[in-house]
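Comments concern the structure below.
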């Protein structure tokens with residue numbers, strides 16, 4: 002069995018990397034599973050980000066995520082480019098299993114798995130080979146060449162791993178005890194787009210990632226013994 006970590010973060014992106022940064026600076030040595038495909042979250046597929054504070058000229062999404070990752074690693078966060086395939090969050094020690102079958106144990110978990118763009122479900126949608134459009138009135142079709150396709154039909158939270166253990170709202174997002182990031186299981190916190198279907202901004206995700214790390218730190222502090230136990234006092238003989 003692996004060592005028992007103080008903090009395991011599932012997911013990356015602004016929420017995951019910020020949680021890792023704060024946990025690392027608190028000397029909690031977080032282990033972060035950033036995913037095997039979109040390490041750094043959806044911003045890695047974005048070009049110029051003009052509304053993240055501190056970058057007056059804007060910054061490329063991948064560069065922003067690389068900087069966040071490097072900052073977390075500077076303070077001791079361990080970031081693994083692998084997926085978590087199953088979790089057991091119910092015990093005092095939580096366990097997560099990676100794609101190679103290795104079980105990792107931790108006292109706290111921070112979930113920052115984000116959300117994904119909904120797809121149309123069309124053949125070859127992922128290949129971006131262009132669009133064939135059909136006029137609904139005339140029935141005529143025409144070819145529209147495209148180098149990119151942006152489908153704005155909503156998002157789906159990535160909560161498949163947690164459906165049987167963590168409470169979800171009616172839209173499938175993880176429920177937290179706002180304004181905290183606590184879930185229904187003690188020691189499990191959630192942040193970023195996996196809980197937020199209102200704002201979905203990088204800066205708000207980063208803010209909740211910070212809150213989740215602080216929540217985990219305080220939870221761990223409450224578990225720690227307050228000091229050596231007082232020796233039992235035996236009444237003096239009369």
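Residue numbers (the numbering used here): 2 to 239. C-beta atoms are modelled at their ideal positions from N, C-alpha and C, and glycine is treated no differently.
- Residue burial is scored here from C-beta neighbours: residue 142 has fewer than 16 other C-beta atoms within 10 angstroms and is therefore classed as exposed.
- Straight-line spacing of the CA atoms in residue 22 and residue 179 works out to 22 Å.
- In the displayed model, residue 221 falls within a helix according to three-state DSSP.
- Around the beta carbon of residue 80, a 10 Å sphere encloses 16 or more other beta carbons of the protein chains shown; the residue is thus reported as buried.
- Around the C-beta of residue 18, 16 or more other C-beta atoms lie within 10 Å, and the residue is accordingly described as buried.
- Sequence-distant Cβ neighbours of residue 135 in its own chain, meaning closer than 6 Å and more than five residues away, are 142.
- If only uninterrupted beta strand (DSSP E) runs of at least 3 residues are considered, those enclosed by the stretch 7-82 are 32-34 and 79-81.
- In this structure, the CA atom of residue 70 is about 17 Å from the CA atom of residue 112.
- In the DSSP annotation of this structure, the continuous segment of the beta strand (DSSP E) that includes residue 95 starts and ends at 95-99.
- Judged by beta-carbon spacing, residue 214 lies within the 8 Å limit of residue 20, meaning their Cβ atoms are closer than that value.
- Under the 10 Å beta carbon count, residue 219 is surrounded by fewer than 16 other beta carbons and is classified as exposed.
- DSSP places residue 210 in the helix class (H, G or I) of the three-state scheme.
- Annotation for residue 99: 34, 81, 83, 84, 85, 86 and 105 place their beta carbon closer than 8 Å to its own, counting only its chain and skipping 5 residues before and after.
- Rounded to whole angstroms, residue 145 and residue 183 show a C-alpha spacing of 47 Å.
- Rounded to the nearest whole angstrom, the C-alpha separation of residue 195 and residue 203 is 12 Å.
- For the pair residue 159 and residue 181, the Cα-to-Cα distance works out to about 20 Å.
- Taking a C-beta distance under 8 Å as the contact criterion, residue 189 and residue 101 do not qualify as a contact pair.
- For residue 191, the uninterrupted beta strand (DSSP E) segment begins and ends at 189-191.
- The beta carbon of residue 42 lies closer than 6 Å to those of 13, 14 and 115 in the same chain, with the five residues before and after it left out.
- Burial check for residue 174: the Cβ neighbour count within 10 Å reaches 16 or more, so the residue is buried.
- The C-alpha of residue 224 lies about 37 Å from the C-alpha of residue 156.
- Going by beta carbons, residue 49 and residue 36 fall outside the 8 Å limit.
- Under the DSSP assignment, residue 108 falls in the beta strand (DSSP E) whose first and last residues are 104-112.
- Under the DSSP assignment, residue 119 falls outside any beta strand (DSSP E); it carries neither an H nor an E label.
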